[in-house]
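At position 230 of the first sequence the residue is numbered 252 (our numbering), and the sequence of numbers has no breaks.
Don't be surprised by glycine CBs; every beta carbon is placed ideally from N, CA and C.
Treat the numbers as computed from the prediction; the structure is a model and nothing was measured.
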Amino acid sequence: MNYFSYLRQKILEVLLKLEKDEVIPKGLNHSHITVEFPRDPKHGDLSTNAALVLAKLAKLKPSDLAGLIIEHLTLLPEVNDAEAAGPGFINIRLSSNFWWDRLREIVADGTNYGNSDIGRGIPVNIEYVSANPTGPLHVGHARGAVIGDALASILSKAGYNVTKEYYINDAGTQVDVLARSLYLRYQECHGAKIEQMPDGLYPGSYLVDIAKLLKEKDGDKWMSASEKEWLAPFRKFAIDAMMDLIREDLDLLGVRHDHFSSERIMVEKGRVNEVVKFLEGQGLTYTGILEAPKGKKLDDWEERPQTLFRSTQFGDDIDRPIKKSDGNWTYFASDMAYHLDKFKRGFFEMIDIMGADHGGYIKRMDAAVNALTQGQGSLDVKLCHMVNLMENGKSIKMSKRSGAFTKLRDVLDLVGKDVVRFIMLTRKNDAPLDFDLRKVMEKSRDNPVYYVQYSHARCHSVLRHAKEVFEKLELTPDAIEKAPLELLSDSGELLLIKQMAAWPRTLENAAEAREPHRIAYYLIELSGTFHALWTKGAKEDTSLRFVTDNNKPLTLARLVLVGALASVIASGLQVIGVEPVKEMK
RNA sequence: GGCCCCGUAGCUCAGCUGGAUAGAGCAUCGGAUUUCUAAUCCGACGGUCACAGGUUCGAAUCCUGUCGGGGUCACCA
23 MNYFSYLRQK
33 ILEVLLKLEK
43 DEVIPKGLNH
53 SHITVEFPRD
63 PKHGDLSTNA
73 ALVLAKLAKL
83 KPSDLAGLII
93 EHLTLLPEVN
103 DAEAAGPGFI
113 NIRLSSNFWW
123 DRLREIVADG
133 TNYGNSDIGR
143 GIPVNIEYVS
153 ANPTGPLHVG
163 HARGAVIGDA
173 LASILSKAGY
183 NVTKEYYIND
193 AGTQVDVLAR
203 SLYLRYQECH
213 GAKIEQMPDG
223 LYPGSYLVDI
233 AKLLKEKDGD
243 KWMSASEKEW
253 LAPFRKFAID
263 AMMDLIREDL
273 DLLGVRHDHF
283 SSERIMVEKG
293 RVNEVVKFLE
303 GQGLTYTGIL
313 EAPKGKKLDD
323 WEERPQTLFR
333 STQFGDDIDR
343 PIKKSDGNWT
353 YFASDMAYHL
363 DKFKRGFFEM
373 IDIMGADHGG
383 YIKRMDAAVN
393 ALTQGQGSLD
403 VKLCHMVNLM
413 ENGKSIKMSK
423 RSGAFTKLRD
433 VLDLVGKDVV
443 RFIMLTRKND
453 APLDFDLRKV
463 MEKSRDNPVY
473 YVQYSHARCH
483 SVLRHAKEVF
493 EKLELTPDAI
503 EKAPLELLSD
513 SGELLLIKQM
523 AAWPRTLENA
533 AEAREPHRIA
543 YYLIELSGTF
553 HALWTKGAKE
563 DTSLRFVTDN
573 NKPLTLARLV
583 LVGALASVIA
593 SGLQVIGVEP
603 VKEMK
């Protein structure tokens with residue numbers, strides 16, 4: 023359980039009682055009442071601002087109101103004592119029994135501990151990666167992939183009904199370029215010489231392999247064909263091969279989508295036409311001429327009438343074109359159709375994970391969702407900032423042109439999936455992230471991946487060691503039930519329990535704020551508390567050792583503690599897709 | 001020029017959606033190793049939360065403006 027919301031509920035009950043007794047007026051707004059960690063642990067386990075928030079409305083002094091609340095709070099069995107402090111906070115100390123009960127709860131729930139139902143089964147669609155099918159993934163894509171995937175797990179654990187989706191941009195001119203690039207490689211396979219890849223085509227060597235496959239399949243059947251004939255089949259072959267490649271990359275990263283949507287199919291089914299017709303019916307389109315953008319020099323700028331969407335009616339800065347000069351729909355138009363499609367599939371809540379370079383796109387997409395769903399659908403766009411790939415403090419430039427183009431697969435080979443996933447979450451998504459290849463491989467305190475994995479491995483090391491010392495020591499449900507947890511009274515031990523007990527709240531907060539990085543930070547902190555307790559037992563006070571040779575009951579209680587910790591860490595790592603290893607190699 | 005993001009310790013960053021004396025890691029300095037795996041721990045040093053106003057019991061957090069850094073700005077996707 024989330025003990026913060028549990029205690030908050032208890033406080034609200036006290037307030038109702040006070041209302042009933044006509045000590046305070048009825049119908050006060052409780053929404054600003056919070057229950058949280060006091061900044062200073064000396065202030066107790068929990069702190070609430072209830073008296074501060076309500077004092078004015080109740081026409082009482084904060085300290086007086088606090089006194090009234092405290093009177094009732096101290097009657098609760100889980101509350102040891104409560105006192106007013108500072109400008110009117112109420113500091114609450116919970117009983118040790120309460121904490122030992124939390125420990126039992128953790129062990130009983132295993133990695134399900136922290137599951138929540140705040141999502142109430144609401145369907146949420148989260149779209150991420152959606153990289154163009156024109157080449158393998160690079161490191162920048164990995165950030166969106168990891169953030170999206172972790173967020174999906176978090177929301178799912180918090181009780182939402184999550185669908186993970188990938189939108190394949192297989193309809194624009196870029197995929198024609200891809201087809202042409204493939205055709206050149208195909209010709210090359212049949213002996214033609216390519217001095218240099220023409221400008222604008224994709225030079226990547228991955229197309230060479232695909233051309234070979236195509237040669238095996240079709241032989242020289244396309245060599246004398248006209249572009250009109252080969253373009254479509256080459257495009258399809260290339261896109262399929264690229265998507266296979268991308269799926270392989272994602273698989274290596276441990277990312278799996280539930281659903282792949284194709285832009286091309288969307289267009290072919292006439293979905294874009296439907297959307298535009300709908301907007302026309304609403305009077306939300308018109309033919310107009312946009313002004314040239316300021317601050318950006320465009321040599322080939324020419325004024326031209328375009329079909330525009332009145333996105334300004336929904337908060338956008340300018341109206342946006344939905345039809346290109348060649349008569350095709352813009353990318354924006356098909357993206358509108360795609361989001362409407364998601365909505366029609368039952369997703370009122372949509373999340374898009376995009377790169378920071380798409381920042382300017384949010385307002386128009388938000389406007390579109392608003393217009394198309396008549397305000398019923400909501401779109402939350404999470405922007406992922408740049409990944410600055412480095413080696414020993416020096417930036418490695420990422421570009422498809424230069425040879426230094428850094429493929430995700432190469433980085434995964436080098437450092438492994440766990441490192442990539444964890445490091446991507448060590449910064450909030452809207453800040454740039456440094457990813458230093460050398461640093462993330464270090465096995466030291468600097469490297470949070472190892473720090474956290476080590477704490478998990480250490481737990482298992484303790485459990486293994488205990489089995490050697492005590493024969494027939496099994497953590498069976500019965501043994502756990504009977505374990506004398508009241509022996510866990512050291513401040514370090516209690517602190518560890520308290521932090522573990524905060525896991526459900528951390529998870530719920532991460533889900534509500536949609537901020538996966540909070541999980542990573544929580545795990546680092548929790549690991550730190552454990553390492554400290556471990557060293558305290560190893561050095562300062564050997565009576566704190568988890569495995570105490572001549573004291574089986576005490577050892578048993580501590581093994582419950584260590585086992586619980588292992589399961590909370592494992593649960594946290596699972597949520598962000600990192601392997602909870604039992605041994606460090 | 002418009003829009004979006006960022007500005008917190010020498011460096012890299014957290015800060016639980018407005019709470020009490022602003023926290024970690026790195027770096028620097030000083031300690032702990034016959035280990036339940038030191039891939040770890042303990043201590044010291046270090047801040048005008050960019051700046052100026054405003055909102056209120058209370059601001060790193062919300063609002064306005066200024067400065068600085070990054071991204072982005074028809075037809076591409």
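Asn-51 sits away from Phe-111, with the two beta carbons spaced by 8 Å or more. Just measuring C-alpha positions, the residue of Asp-374, Asp-512, Asn-410 and Phe-552 sitting nearest Arg-536 is Asp-374.
Residue burial is scored here from C-beta neighbours: Ser-347 has fewer than 16 other C-beta atoms within 10 angstroms and is therefore classed as exposed. Taking a C-beta distance under 8 Å as the contact criterion, Tyr-182 and Val-146 qualify as a contact pair. In the three-state reduction of the DSSP assignment, Arg-540 falls in the helix class. Residue pairing from DSSP places Pro-343 in a beta bridge opposite Leu-330. Between the alpha carbons of Leu-204 and Ala-233 lies a gap of roughly 6 Å. Note that the C-beta distance between Ile-340 and Trp-351 is not below 8 Å.
In this model, Glu-515 and Asp-500 are separated by some 22 Å (Cα to Cα).
The Cβ neighbour count for Lys-186, taken over all protein chains shown within 10 Å, is at least 16; the residue is labelled buried. Proximity of the stretch 555 to 572 to the stretch 396 to 409 falls short of the contact definition, fewer than three beta-carbon pairs being nearer than 8 Å.
Apart from the 5 residues on each side of it in sequence, Ala-592 sits with its Cβ closer than 6 Å to the Cβ of Thr-133 and Pro-602 in its chain, given in chain order. Exclusion of the five residues before and after Ala-532 leaves Ile-176, Pro-538, Arg-540 and Ile-541 as the residues of its chain whose Cβ lies within less than 7 Å of its Cβ.
Beta-bridge pairing by DSSP links Lys-416 to Glu-413. Under the three-state reduction of DSSP output, Asp-402 falls in the strand class. Of Ala-479, Leu-587, Leu-411 and Arg-332, the smallest CA-CA separation from Gly-162 is found for Leu-411.
Closest by C-alpha distance to Asp-43, out of Thr-570, Leu-497, Ala-263 and Ile-91, is Ile-91. Gly-170 and Ile-148 do touch by the CB rule: their CB atoms are close to 6 Å apart, below 8 Å.
Between Leu-76 and Leu-87, the CB-CB gap stays under 8 Å. Sequence-distant partners of His-54 (beyond 5 residues in either direction) whose C-beta falls short of 8 Å from its own C-beta, in its chain, are Asn-71 and Val-75.
Two segments are said to touch when three or more pairs of C-beta atoms, one from each, lie closer than 8 Å; by this definition the stretch 238 to 258 does not touch the stretch 565 to 583. Counting every other CB atom within 10 Å of its CB across the protein chains shown gives Tyr-476 a total of 16 or more, marking it as buried. Put simply, of Gly-108, Ala-586 and Ala-263 the residue whose alpha carbon is nearest the alpha carbon of Val-230 is Ala-263. Contact between Leu-394 and Phe-370 is ruled out by a C-beta separation of about 12 Å, above the 8 Å threshold. Taking C-alpha positions only, Thr-564 is separated from Ser-400 by approximately 56 Å. Unbroken beta strand (DSSP E) runs of no fewer than 3 residues, entirely contained in the stretch 357 to 401, are found at 371 to 377, following chain order. Counting C-beta pairs with one atom in each stretch, the stretch 195 to 202 and the stretch 465 to 484 have fewer than three that are closer than 8 Å, which means they do not touch. Pairing Gln-31 with Val-101, the inter-Cα distance amounts to about 14 Å. The beta carbons of Ala-488 and Val-590 sit no closer together than 8 Å. By a beta-carbon distance limit of 8 Å, Arg-332 does not contact Thr-309. Their separation comes to about 12 Å. In the displayed model, Thr-56 falls within coil according to three-state DSSP, outside both helix and strand.
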